[in-house]
Structures are given as C-alpha cells and as structure tokens.
Amino acid sequence: MSDRVSLHQLLQNSSIRTLIFTMLIAAFGSGMFLAGSTIFFTKTIGLTPVSFATGLAIASVVALLTSLPVGALADWIGVQRFLVGLHLVRATTFIVLAFVGDAVTFTVFASVQALCQQASIPILQALIGRATDTSTRTTTLALIRSIRNVGFSLGALAAAPLIATDNLWLNRGVMIGTGIAIMVAGTLLVFVRQTPDAPPQHVPSPFAGLRSIRDLRYLGVAGVNGILSLHMSMLSVGFPLWVASRSDVNDSIAPLLLAINTGIVILAQVPFSHGVNDIGSARRAIWLAASVLAASCITLAVAGLFTGTMTLVALIVAILLFTCGEMWHSAGSWEVSFRLAPESARSSYLSVFALGIAAQDTIGPLLFSAVVLPNGGLGWMGLALLFLLGAAGATTLVRKGSEINVERKAKNGD
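Residues 204 to 617, numbered by the working numbering, are exactly what the sequence shown covers, in order.
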C-alpha cells in the first residue's frame with residue numbers, strides 16, 4: 204500500500220479529519236503565543252526579564268509535577284470530556300493573560316496554562332488511540348504532527364504584525380487570538396467519534412492511574428526516550444549555538460536550518476511513519492533514529508575542521524540527517540508508548556512517558572551550552588554515543604516490556 208493511498212484512506216475517517224482540523228487551529232494559537240508572548244509580557248506589560256523568566260520556570264515546574272495526577276483524572280473522567288475541559292480552561296487563561304499587570308498574576312495564570320498544555324499532550328494521544336485502530340494510529344499522529352507545524356508557522360506569521368505595533372489592544376490581540384483559537388479547538392473535539400471497538404473506560408477511582416508510576420519498566424522506557432528526545436534541544440539550542448560560535452558562518456544560517464527542518468517534517472513525517480505499526484517496527488525506527496542522529500553529531504564534529512563553503516555544506520548535511528532522525532524517533536516513540544500502556548490507564552501511562560521529554564526540556568539546554576559546545580568535536584562525539592546508548596536501552600526495555608504485556612494478556616484471556 205502506498206503512502207498516498209494510506210493518506211487517502213485516513214482522510215475518509217471523519218474523526219481523523221476533525222482531529223486534523225482541530226490541531227491545525229490549536230497549533231495556530233500556540234504559534235501566535237510562542238512568537239509574541241516574550242515581547243508582549245516584557246515590552247507591553249512591562250515585566251522585567253527576570254520576573255518573566257522566573258514565572259515561566261515556576262510554570263514549568265507546576266506542569267511537570269501535576270501532569271501525572273491530571274492524566275489519572277482523565278482516565279477516571281473520560282479522556283475526551285476531560286480534554287475538552289482542558290482546552291476551555293487553557294483558552295480562558297490566555298484571555299486573562301492579555302490583561303495581567305504584575306508578575307504574581309502572570310505566574311499564577313502562566314502556571315495554569317502550562318499545566319493544561321503539558322497534560323493535554325498525552326491525553327490527546329490517548330483520544331487519538333480511541334478514535335483510530337492500531338494500523339492507522341501512528342500515521343494519524345504523524346499527519347497531525349505535520350499539520351501542527353503548518354499551524355505553528357501560520358500562527359507566528361499572524362502574530363508578527365500585531366506585536367510590531369505600539370497599540371495596546373493589537374498587542375493584546377496576540378493573547379486573545381490565542382485564547383479564541385484554543386477555545387474553538389476544544390469545542391471541535393466534542394465531535395470526535397471513538398471507534399466502536401474502543402473499550403469502555405472503567406477506572407475505579409481518580410487515583411487508580413497513579414499506579415503507572417510504579418511500572419518501573421515503562422518508567423525506564425520513558426527515561427531513555429528522554430535521552431533520545433535530546434534532539435529537541437539540539438535543534439533549538441545546539442545548532443544555533445554552533446552557528447553563533449563560528450566567525451565564518453553568518454548568524455542568519457540558524458533560522459534557515461530551522462526552516463529546512465520544519466519544511467521537511469511537514470512534507471515527510473507521514474512517509475517516515477509508514478509501516479511503524481508494531482513493536483518490531485518501532486524498535487527498528489528507534490535504531491534508525493539514533494543512528495542518523497549520531498551521524499548528524501559526527502558531521503557537526505567534523506564540520507569544526509572546515510571553513511567557508513565546506514562548513515555550510517556540512518551544516519546542511521547535518522540538519523538533513525538530524526531531521527530524518529527526528530522523524531523516525533517520533534514514529535517509533537509513538538508506537539512504543541501506546542503498545543506498552545494498558546488501555547484502561549492510557550492517559551496516566553502516556554503522562555509518565557511524557558516525563559522523559561519534560562526532563563529533557565530542563566536538562567537539554569544546559570547540556571548543550573555547558574558540556575557539548577565547550578568541548579567542540581569531542582562533545583559532539585560524546586552526544587553521538589549517548590544517542591546510540593539511549594537506543595540500546597530503549598529497544599531492550601521495549602522488548603522485555605512487550606513480552607510481559609503478552610504474558611499479561613494471555614493470563615487475562617485477552
């Protein structure tokens with residue numbers, strides 16, 4: 204079956220079409236926020252850079268600490284209903300943030316927003332799992348990721364003229380527009396239909412899902428997936444710092460590399476995810492991801508020996524290898540996170556899986572700025588080895604976890 208036929212078949216499903224349109228609108232709002240929030244809160248509202256950064260740091264900690272309990276609540280209440288509620292609460296916080304006037308109020312509502320955003324990611328994945336079957340789930344996630352990149356880009360473009368003016372209400376339009384987009388997205392989620400064979404969610408208590416944190420093997424998979432997810436910080440911090448450290452490379456190359464990455468992900472994430480629909484193919488995708496990510500690191504290490512045009516060529520090769528690794532990792536990690544998570548507690552388990560990525564968000568920038576870049580080629584070679592070790596750990600734990608799941612299902616007569 205070709206990728207084109209698979210994509211055509213996906214779009215015949217009304218729920219998948221609704222999810223795609225919903226995520227496009229939500230990503231548009233998030234793109235507006237990411238592009239305009241720093242200038243809005245520091246220049247328009249007048250928060251000091253320290254107050255702004257401190258508020259965001261506190262919000263990140265709140266989101267990290269609450270993601271698992273919120274995921275457990277979603278399993279108890281029902282993922283679709285809960286996800287709609289999260290979107291509506293998040294939309295309201297954006298509108299309130301348009302009118303904040305001090306650091307304390309900003310921190311409170313930024314924390315609520317971050318909590319909703321962090322929690323909604325695994326809960327959305329759980330809903331997608333209930334709206335698709337196992338043969339189309341990963342491709343659907345890939346398509347949504349591509350669409351989200353389009354939405355982010357469009358939202359950032361929409362925010363630019365609003366934030367470039369000195370008009371208070373146009374500046375506020377960035378936050379209000381974000382809130383409206385998220386509210387529309389939350390409303391559309393009501394119309395997503397779950398598959399007839401999606402099992403009913405019978406969770407005895409709001410605390411039942413917290414047991415997922417005791418599944419040490421799944422926790423281990425989440426941890427090593429966090430290592431592989433260092434590619435996120437590599438893109439946002441590693442590549443720009445590498446460019447900035449070179450006197451023979453124009454700083455404008457950094458956003459160009461990001462544009463190349465974004466364009467390829469939009470066009471190629473679905474083809475790269477094709478065929479990743481079981482544990483075996485997911486493990487292969489993870490190994491492919493680690494291999495080309497390591498190759499990208501080695502390319503950057505070698506690029507330090509070049510000057511002029513050869514440096515630019517090496518950077519292009521590195522970002523192409525990197526992007527392939529990013530897409531293979533996304534496909535493999537999606538499949539693994541679903542396959543090893545029990546249906547009855549999927550939101551809780553996916554919230555645990557997201558902890559590894561959240562940890563990367565905290566550790567990654569420091570790793571690149573304090574360890575990888577200062578050590579030059581040796582630092583990049585060490586990172587290449589780290590990616591390969593992460594893949595070895597992930598695939599080993601995934602294989603053992605899959606065997607335990609098979610035994611558990613056989614024991615339960617499934």
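In this text, a Cβ means the ideal position worked out from N, Cα and C, and glycines have one as well.
Beta-carbon gap between residue i and residue j smaller than 8 Å
{"i": "Leu289", "j": "Ser323", "result": "yes"}
{"i": "Val539", "j": "Val387", "result": "no"}
{"i": "Phe618", "j": "Met437", "result": "Given a span of 204 to 617 for the chain in the structure shown, any question on residue 618 remains unanswerable."}
{"i": "Ala587", "j": "Ile501", "result": "yes"}
{"i": "Ala457", "j": "Pro443", "result": "yes"}
{"i": "Thr296", "j": "Val282", "result": "no"}
{"i": "Gly567", "j": "Leu392", "result": "no"}
{"i": "Ala229", "j": "Ile463", "result": "no"}
{"i": "Ala594", "j": "Ala506", "result": "no"}
{"i": "Gly332", "j": "Arg487", "result": "no"}
{"i": "Thr310", "j": "Ala262", "result": "yes"}
{"i": "Cys319", "j": "Val287", "result": "no"}
{"i": "Gly543", "j": "Val601", "result": "First, the amino acid is wrong: residue 543 is Leu here, not Gly. Against a cut-off of 8 Å, the Cβ pair of Val601 and Leu543 comes out as a contact."}
Close-in-space but distant-in-sequence residues of the same chain around residue i (CB under 7 Å, 5 per side omitted)
{"i": "Ser159", "result": "Given a span of 204 to 617 for the chain in the structure shown, any question on residue 159 remains unanswerable."}
{"i": "Leu365", "result": "Gly239, Leu373, Asn374, Gly376 and Val377"}
{"i": "Thr598", "result": "Arg486, Ile489 and Trp490"}
Integer Cβ distance of residue i from residue j, believed to fall under 8 Å
{"i": "Gly247", "j": "Leu419", "result": "This sequence places Thr at residue 247; Gly is not what is there. With a Cβ gap of about 47 Å, Thr247 and Leu419 do not count as contacting."}
{"i": "Val427", "j": "Gly596", "result": "4 Å"}
{"i": "Ala306", "j": "Gly258", "result": "6 Å"}
{"i": "Ala479", "j": "Thr341", "result": "Note that residue 479 corresponds to Val in the displayed sequence, not to Ala. With 8 Å as the limit, Val479 and Thr341 qualify as a contact, their Cβ atoms being about 5 Å apart."}
{"i": "Ser336", "j": "Thr398", "result": "A small fix is needed here, since residue 336 is Asp in this sequence, not Ser. Sure, about 6 Å apart at Cβ, within 8 Å."}
{"i": "Phe312", "j": "Leu300", "result": "5 Å"}
{"i": "Pro325", "j": "Phe556", "result": "7 Å"}
{"i": "Leu227", "j": "Ile350", "result": "5 Å"}
{"i": "Ala504", "j": "Gly580", "result": "4 Å"}
Distance between residue j and residue i (C-alpha atoms, nearest Å)
{"i": "Ala277", "j": "Leu330", "result": "10 Å"}
{"i": "Gly483", "j": "Gln563", "result": "26 Å"}
{"i": "Thr512", "j": "Ala363", "result": "33 Å"}
{"i": "Asn453", "j": "Leu589", "result": "29 Å"}
{"i": "Pro272", "j": "Ser551", "result": "8 Å"}
{"i": "Pro545", "j": "Val516", "result": "46 Å"}
{"i": "Arg207", "j": "Val574", "result": "For Arg207, the predicted structure reports a pLDDT of 44, less than 50, and the residue's modelled location is therefore unreliable. The matter cannot be settled from this model."}
{"i": "Ala485", "j": "Tyr421", "result": "15 Å"}
{"i": "Leu569", "j": "Ala266", "result": "20 Å"}
{"i": "Ile242", "j": "Ala260", "result": "17 Å"}
{"i": "Gly249", "j": "Ala367", "result": "16 Å"}
{"i": "Leu357", "j": "Gly382", "result": "16 Å"}
{"i": "Pro577", "j": "Gly429", "result": "22 Å"}
{"i": "His477", "j": "Gly304", "result": "48 Å"}
{"i": "Trp279", "j": "Ser547", "result": "9 Å"}
{"i": "Ser338", "j": "Phe302", "result": "46 Å"}
{"i": "Ala317", "j": "Leu518", "result": "34 Å"}
{"i": "Arg417", "j": "Leu459", "result": "44 Å"}
{"i": "Pro252", "j": "Thr308", "result": "15 Å"}
{"i": "Lys603", "j": "Ala561", "result": "24 Å"}
{"i": "Val353", "j": "Trp583", "result": "31 Å"}
{"i": "Ile298", "j": "Thr390", "result": "16 Å"}
{"i": "Leu213", "j": "Phe541", "result": "19 Å"}
{"i": "Gln215", "j": "Leu461", "result": "33 Å"}
{"i": "Ser439", "j": "Thr565", "result": "13 Å"}
{"i": "Trp445", "j": "Leu431", "result": "20 Å"}
{"i": "Trp537", "j": "Asp369", "result": "43 Å"}
{"i": "Glu610", "j": "Asp451", "result": "Note on Glu610: pLDDT 48, under 50, position unreliable in the model; the coordinate value appears next. Each residue's alpha carbon lies about 58 Å from the other."}
8 Å Cβ shell around residue i - same chain, five flanking residues per side excluded
{"i": "Ala361", "result": "Phe231, Gly234, Met235 and Gly380"}
{"i": "Ile449", "result": "It is worth fixing the name first, because residue 449 is Arg in this sequence and not Ile. Thr514, listed in sequence order."}
{"i": "Ala447", "result": "Asp454 and Ala457"}
{"i": "Leu237", "result": "Phe355, Gly358 and Ala359"}
{"i": "Asp400", "result": "Asp336"}
{"i": "Leu210", "result": "Thr342, Leu346 and Val473"}
Contact test: residue i Cβ vs the ligand MG heavy atom, cutoff 7 Å
{"i": "Ala388", "result": "Annotation note on the ligand MG: not contained in the displayed structure, which lists no ligands."}
Sequence-distant residues of its chain with Cβ nearer than 6 Å to residue i (five each side left out)
{"i": "Ser499", "result": "Ala521, Leu524 and Phe525"}
{"i": "Gln321", "result": "Ala266 and Ser270"}
{"i": "Phe255", "result": "Phe244 and Thr245"}
{"i": "Gln328", "result": "Leu553"}
{"i": "Ala497", "result": "Ala587, Phe590 and Leu591"}
{"i": "Glu529", "result": "His434"}
{"i": "Cys527", "result": "Val495"}
Under 8 Å: do the segment 527 to 535 and the segment 460 to 477 share three or more Cβ pairs, one atom per stretch? yes
At a cut of 8 Å, does the segment 212 to 226 reach the segment 339 to 350 through at least three beta carbon pairs? yes
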